[in-house]
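In our numbering, the protein residues as written are 1 to 604.
Note that CB positions come from ideal geometry on N, CA and C, so glycine has one too.
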Ligand SMILES: Nc1ncnc2c1ncn2[C@@H]1O[C@H](COP(=O)(O)OP(=O)(O)OP(=O)(O)O)[C@@H](O)[C@H]1O
Ligand SMILES: [Mg+2]
């Protein structure tokens, strides 16, 4: 309920692994990266040449009194023109650099997002059982965004910063080795002060993100469960918890501001110290005539001091970005590397057109050793309608999950027409089964699209036909816009029974005639809809192999045969009359259902 995001710092080896993995995604952009590198180097040169021009202007054209006046004026004009030209070129280069880098970043991230979603579509359901939807959403959205910022700004910017700093170094030494030496002496102290405050800012920043995530999760959950919260009067608890998290968030924000308020002055102070040092040493050199320092050299050098600090600031921000990106990519790659636990066979066998369904000594557990089904064996002949009954949690839906191969059995096997499910393709299997799930999902789309599921092969006529067949047409036509009424994602506006009818229409529209599975909703349905459902089931199950998981007596009566499940074991099977005569668990269950439905036991 209160997940903290994983913000542990990965080891060096892990860092390399993640970076290598990320780099794979930049492979298609190798040409672009080459272009970026060239632009970076040109940009660095463009930044570092102007101080040399200033030095020339000051020392030669302004300071050298031995030259003729027109030569000096000409020289100044030429230098000015060159300066202007270089600045203009820099402007264009930097614009291009930003555009190209952003494009590459967006491209890389599109590819990653694509892979993440494709992977999610292909993942086995067990993964979704143990991963909260919120966390998956974070992966698809904010983790990917973090990567985007890192790839388009972080990596490219860091490379540009490094080149800029290297360029400044080279030009500093070129302009004046003596002043460079003086400056390099204090760099370790600067770096230490700088790293100290920067680390603090980053830690505070991590706290903020942690608090933010907790706050979001909490708010999201509270909003989603609003009806339950208000129903049970839990508002004060929720309000208190929110207030607590909100307070943590405020503290974290304040901490960051505090260190930031320290960080920038530190940066400015370091720059001032460097400037004072260069001024002092440079001034002394000029006065004493030592080290060939001139006024022009000093001015140029002071410009380099400023240019040296600018990328330093960027670089430290990017170090933080790298950390965030590593955490994000770790989570993303963890998802991408999740093995498919329900693999398609290497050499799939086609499913026979018809044939009995057989469960043979099936043992199954969702979680290790926690057996949900124990030694379940039964056969369903073609054309037969079988009802499965049992108390809640006895494993009825689980049987269906296994038949649809959402999960694989741990022991035993399931076959259709003698072919084991594990040797056919999942897609082939599911195409042959029409299933109405216990809690049908309604997409935020029109009613028609919810029935046809955007399959272009399913025409509007087919959709309406299926709806009529499933007795859903009546209520659909009464909706404000009929088949074009847009439903929201939680199926809002539809009653439980209507959702079931819609799901039945959906299964019919997909026209998978061979086998129909119906996992009856436990929710109570008004008697009118109940009658519609029963009528639809009777029609749909006719001449068809069908499995009905029944919670209502009226449904059980349609079945040819009944399987009775008790705590994961098949305890009895037979017709309704046979089972009643056995005086066992079924009799008690039957009596319970009769009472529960408020209906008298059937007269037969
Ligand atoms: N995804 C899952 N992960 C772990 N355990 C599960 C999962 N789904 C179901 N179970 C457990 O398996 C057992 C059987 O559940 P199942 O959904 O098959 O019951 P059911 O007979 O369909 O019940 P109901 O009549 O309420 O629909 C239950 O104990 C349940 O807690
Ligand atoms: Mg169930």
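Query, Result
"Is the distance from the Cβ of residue 293 to the Cβ of residue 152 below 8 Å?", "no"
"Rounded to the nearest angstrom, what separates residue 494 and residue 459 at their Cα positions?", "23 Å"
"Less than 7 Å between C-beta atoms, sequence neighbours within five positions excluded: which residues of the same chain meet that for residue 509?", "451, 452, 458, 462, 463 and 466"
"Just reading off the alpha helix (DSSP H) that residue 425 is part of, what are its end residues?", "Careful: residue 425 lies outside any alpha helix (DSSP H) and carries neither H nor E."
"The beta strand (DSSP E) spanning residue 433 covers which residue range?", "433–436"
"Three or more beta-carbon pairs under 8 Å between the stretch 378–389 and the stretch 538–557, yes or no?", "yes"
"Just confirm the distance between the C-beta atoms of residue 483 and residue 447, as a whole number of angstroms; I'd bet it's less than 8 Å.", "5 Å"
"Is it true that the stretch 325–334 meets the stretch 142–149, where meeting means three or more beta-carbon pairs spaced less than 8 Å apart?", "yes"
"Can you give the Cα-Cα distance for residue 570 and residue 382, rounded to whole angstroms?", "21 Å"
"Using only CA atoms, which one of 270, 58 and 68 lies nearest to residue 79?", "58"
"Under three-state DSSP, which class holds residue 573?", "strand"
"How about residue 555: is its Cβ closer than 7 Å to a heavy atom in ligand 2?", "no"
"Looking only at its chain, what residues have a beta carbon closer than 7 Å to the beta carbon of residue 360, apart from the 5 residues adjacent to it on each side?", "377, 412 and 413"
"Rounded to the nearest angstrom, what separates residue 603 and residue 594 at their Cα positions?", "The predicted position of residue 603 is uncertain, since its pLDDT is 37 and thus under 50; no value can be drawn from it."
"Given a threshold of 16 other Cβ atoms within 10 Å of its Cβ, counted over all protein chains shown, does residue 309 qualify as buried or as exposed?", "buried"
"Is residue 396 close to ligand 3? I mean its beta-carbon at under 7 Å from any heavy atom of the ligand.", "Ligands present in the displayed structure are limited to ligand 1 and ligand 2, and ligand 3 is not among them."
"If you draw a straight line from the alpha carbon of residue 470 to that of residue 441, how long is it in whole angstroms?", "17 Å"
"Taking the Cβ atom as the reference point for each residue, do residue 607 and residue 319 lie within a distance shorter than 8 Å?", "As shown, the chain starts at 1 and ends at 604. That puts residue 607 outside it, with no answer to give."
"Span of the alpha helix (DSSP H) holding residue 250?", "235–288"
"Going by beta-carbon coordinates alone, are residue 475 and residue 501 separated by less than 8 Å?", "yes"
"At a cut-off of 7 Å, is residue 129 close to ligand 1 when judged by its beta-carbon and the heavy atoms of the ligand?", "yes"
"Among the residues of its own chain, which have a CB less than 7 Å from the CB of residue 311, if the five just before and after it don't count?", "161, 164 and 165"
"State the DSSP-derived secondary structure class of residue 364, mapped to helix, strand or coil.", "strand"
"Got a sec: does ligand 1 put a non-hydrogen atom nearer than 7 Å to the Cβ of residue 372?", "yes"
"Are the beta-carbon atoms of residue 274 and residue 186 separated by less than 8 Å?", "yes"
"With DSSP as the reference, label residue 606 as helix, strand or coil.", "In the structure as shown, the chain starts at 1 and stops at 604, and residue 606 therefore has no counterpart that could be examined."
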